[in-house]
Amino acid sequence: MKYLIFFNSFLYKVPFFQISSIKLFSTKSKVPDKPVWDKIDFNSLPKVPEIDLELVEQLERISLVEFNNEEGYISLQNAVRSANLLHAINTEGVEPLDSVLEERELWLREDKVTEGNCLKEILSNATKVEEQYFVAPPGNIPMKQRGKHFLKSVVKEPETSS
Amino acid sequence: MAASLTQQTKECIFKTCLFCNLFHKTIATRSMNIKRSHISATVQKEVQPEWQGVIGLEIHAQIKTLSKLFSGAATIYDANTNTQVAFFDAALPGTLPVLNQKCVQAGVMTALALGCDINLVSKFDRKHYFYADMPAGYQITQYRKPLAVNGRMTYMFQCSHNNKIERRSAQILQIQLEQDSGKSLHDPAVGYSLIDLNRAGIGLMEIVTAPDFTSGDDAASFVKDLRDILIDIGACDGKMAEGSLRVDANISVHRPGEPLGIRSEVKNINSFRNIRLAVDYEIRRQIQLLESGEQVVNETRSFDIQDGETVTMREKEKVLDYRFLPEPNLPPLVIHKDRSSVKSSQNVVVLEEVKSVLKELPDEKRKRLETKYNISLKNSVILVRANLAELFEKLVEHHSCDPAAASSVLRNSYAPFLDKAKLNSTDRPISDDGLAEIINIYGRGEISETSLGILLREKSENIHLSCKEIMDKNNLCILNDELLINAAIDDVCERNPKAVKAYKKGKTNQLEILSTKVKKKLDGKVASGKLYQLVKEKLQK
Chain V
1 MKYLIFFNSF LYKVPFFQIS SIKLFSTKSK VPDKPVWDKI DFNSLPKVPE IDLELVEQLE
61 RISLVEFNNE EGYISLQNAV RSANLLHAIN TEGVEPLDSV LEERELWLRE DKVTEGNCLK
121 EILSNATKVE EQYFVAPPGN IPMKQRGKHF LKSVVKEPET SS
Chain P
163 MAASLTQQTK ECIFKTCLFC NLFHKTIATR SMNIKRSHIS ATVQKEVQPE WQGVIGLEIH
223 AQIKTLSKLF SGAATIYDAN TNTQVAFFDA ALPGTLPVLN QKCVQAGVMT ALALGCDINL
283 VSKFDRKHYF YADMPAGYQI TQYRKPLAVN GRMTYMFQCS HNNKIERRSA QILQIQLEQD
343 SGKSLHDPAV GYSLIDLNRA GIGLMEIVTA PDFTSGDDAA SFVKDLRDIL IDIGACDGKM
403 AEGSLRVDAN ISVHRPGEPL GIRSEVKNIN SFRNIRLAVD YEIRRQIQLL ESGEQVVNET
463 RSFDIQDGET VTMREKEKVL DYRFLPEPNL PPLVIHKDRS SVKSSQNVVV LEEVKSVLKE
523 LPDEKRKRLE TKYNISLKNS VILVRANLAE LFEKLVEHHS CDPAAASSVL RNSYAPFLDK
583 AKLNSTDRPI SDDGLAEIIN IYGRGEISET SLGILLREKS ENIHLSCKEI MDKNNLCILN
643 DELLINAAID DVCERNPKAV KAYKKGKTNQ LEILSTKVKK KLDGKVASGK LYQLVKEKLQ
703 K
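For the record, the sequence lines run as chains V and P.
Take this note's numbering: the final residue in the first sequence is number 162, and no numbers are missing along the way.
Take this note's numbering: the final residue in the second sequence is number 703, and no numbers are missing along the way.
See below:
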């Protein structure tokens, strides 16, 4: 439930820096002084969707995180359930806030060469180097397919597995 | 029967130009013949309106700057591997993007040149994918609110098989600023890739068009003119061979009046010729698929230059998920309308100031030449492209040259002469007075087109000689003696009886072939128009 307070400040366009500098002492702040406890009816929230093998594989591909065991899979379900709490907040008519610096103007740099020529430092981070290149696994190929037997008890095979 | 009919029609499609009138004529006659001999359901199907290509383009133009879009590393092409990499470009933790003012100016300038609405407030987003040449795991781009939207660009459609030129226009959907990626060298033999991050983070403008093009020629013509504009305003160096300008084409086919077909995307095309070949190949491939009852798959393809084919790179649909999200490290980008809203001495981009340095655009120049001096579209296109419009105006305005003669000499003789001598349009190997004199000699019909080239060359090498002296010395005066010309025509016709026969049977292109032969015989010292007339008269006797 603590999440709610955190998200509130984002969703109602009250940037953090304002809270700390001005609004903190103002009585008009939309941020309550103390944590507020709201009861949420979990039945009113959307259900955690079914996660099949195909989706697991897609998530692995786009996150580069492997679901090594059942525990990982259950943790994913819990994460979705937890994120679903956001549905309880009424955001009607509230413009989304991208950044707490939204009212600021982007600062522009003059077009001058001020960096670079630091081959040694740049390559010092690489595990493998050839001549002056970084060496990387071959790109743009699908991730290695592994058997997902260990997920069998919790994950459904996609219907179109052929 | 039905199968063979389809086969017939298909052959017909592939053998003729897809897009000029020629094609429509052959198809029309073909279907009429079919209709006359067989009246059945399958035949009815054959006379449906023909397939039409629908093409939209995404053009990536590297912005001509000294430093990168968000870092202070240099942008020199072909620099030593990994020497133009700032910590930010290598995505080291704790580094932050700082936007380059020049990139914004170039973007705004381009947007103005393409008649776009500029978003005075635009935003940056992250587009995620895992490539080793994109170390952060995402590209900073503009997704929800790009720099500019909704423009229109006029371009000159040029058909590659006939010399048809036509003014067309295409809608620009949006212009966005984004980062370029690094370069990967793939070596399948050793099973790994080598990464050079020199290009990673260079500023790109992505220019997205509506699906307004119908053929390879059409798309290539547009890119050609867009490149001219970008070079003209200094936003991009336009070196396609170095990858400064790269084109992705979204291609589908449909029958006019029907909803658009499923499209495929051909990525990273890097020359005008390849744009034409890739697009036309892809259209043919899709028509073939649909004609044989198959479906076009929404996928990304690449163009194989060697085989002239497009091949599958990856299937799209579900596999790609860019997970766009707002870039939290960059506040909104603000373009100021004028100086009044600028608060301090901060670096800003002011719309009015960019507007004031925007020069006359190629199409405005062409239109002015056409209306003010009454020269043809073709001439104006070539004068502007060869960067000779200014010289032309000077010759007409200050040296009282005849516009028709001046445009003809500049286009047909002076531009090729410069080319041959490897000179720039800004080099003036012949003084303006000298050039004006040559144009006037030509205008009075005292020299032929072929001899003009020699005169220009001699004049540039012997500045102290007058045109008259050069012409006398090299015997360049035009032949006006009809008896002499007719004698040459008679001689050529006698030697080429087959060509004469063919002409009489209706092969009119023989006229040109014969005329060229006569011209050669007379050392090119005869006016083309007059020669044509005389040859024609002779042949029609």
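Backbone N, C-alpha and C define an ideal beta-carbon position, used for all residues, glycine too.
The model shown is predicted, which means the values in this text are computed figures rather than measured ones.
Between Ile225(P) and Cys278(P), the CB-CB gap reaches or exceeds 8 angstroms.
DSSP places Tyr133(V) in the strand class (E or B) of the three-state scheme. Between Lys285(P) and Asp251(P), the C-beta spacing is not below 8 angstroms.
For Thr114(V), the three-state secondary structure derived from DSSP is coil. Below the 7 angstroms Cβ cutoff, chain P contributes Leu228, Ser229, Gly234 as neighbours of Lys112(V), in chain order. Residue pairing by DSSP puts Asp466(P) in a beta bridge opposite Glu471(P).
The residues Ala650, Asp653, Val654, in chain order, have a CB closer than 8 angstroms to that of Lys683(P) in the same chain once the five nearest residues on each side in sequence are set aside. The alpha-carbon separation between Pro493(P) and Asp287(P) amounts to approximately 11 angstroms. Annotation: Lys540(P) to Cys118(V) spans about 52 angstroms, alpha carbon to alpha carbon. At a cut-off of 8 angstroms between beta carbons, Phe434(P) makes no contact with chain V. Annotated three-state conformation of Pro488(P) is strand, per DSSP. Distance check between Leu276(P) and each of Glu699(P), Thr678(P), Gly313(P), Arg306(P) places Gly313(P) closest, using alpha-carbon atoms only. Here Ile632(P) is actually not in contact with Ser610(P); their C-beta atoms are around 15 angstroms apart, not less than 8 angstroms.
Around the C-beta of Phe42(V), fewer than 16 other C-beta atoms lie within 10 Å, and the residue is accordingly described as exposed. Per the coordinates, the alpha-carbon of Ser690(P) lies some 51 angstroms from the alpha-carbon of Leu228(P).
Contact between the segment 407-426 of chain P and the segment 210-221 of chain P is present, with at least three C-beta pairs closer than 8 angstroms. At least one C-beta of chain V is nearer than 8 angstroms to the C-beta of Lys285(P). Under the criterion of beta carbons closer than 8 angstroms, Gly405(P) and Val415(P) do not qualify as touching, at roughly 29 angstroms.
In the DSSP assignment, Asn509(P) is bridged to no other residue. With respect to Asp483(P), Ile51(V) sits apart: the two C-beta atoms are not nearer than 8 angstroms. Close partners of Val135(V) in chain P (Cβ separation under 7 angstroms): Tyr354, Leu356. Selection Glu70(V), Asp33(V), Ile89(V), Ser75(V) evaluated against Pro46(V) yields Ile89(V) as nearest (Cα-Cα). A straight-line Cα-Cα distance of about 15 angstroms links Asn325(P) and Arg573(P). Every unbroken stretch of the beta strand (DSSP E) spanning 3 or more residues and falling wholly within the segment 320-385 of chain P is given here in chain order: 327-341, 345-349, 354-358, 365-371. Taking 7 angstroms as the upper bound on Cβ-Cβ separation, chain V lies near no residue of the segment 582-609 of chain P.
In chain order, Leu64 make up the part of chain V whose C-beta sits under 7 angstroms from the C-beta of Phe292(P). In the DSSP annotation of this structure, Val458(P) is not part of any alpha helix (DSSP H), being labelled neither H nor E.
According to the DSSP assignment, Gly277(P) belongs to no alpha helix (DSSP H), since it is labelled neither H nor E.
By DSSP's assignment, Ala223(P) forms a beta bridge with Met367(P), Leu407(P).
By the CB criterion at 8 angstroms, Val511(P) and Pro373(P) fall outside the cutoff.
Around the beta carbon of Asn586(P), fewer than 16 other beta carbons lie within 10 angstroms, which makes this residue exposed.
The beta carbons of Tyr133(V) and Thr245(P) sit no closer together than 8 angstroms. Residue state for Tyr291(P) is assigned as coil, using DSSP reduced to three classes. Residue pairing of Val415(P) in beta bridges, as defined by DSSP: Gly215(P). Shown here for Thr376(P): same chain residues with a beta carbon closer than 8 angstroms to its own, the five before and five after excluded, namely Phe181, Gln214, Gly215, Val216, Ile217 in chain order.
Sorting Arg438(P), Pro490(P), Asp469(P), Glu526(P) by C-alpha distance to the C-alpha of Asp98(V) places Pro490(P) at the top.
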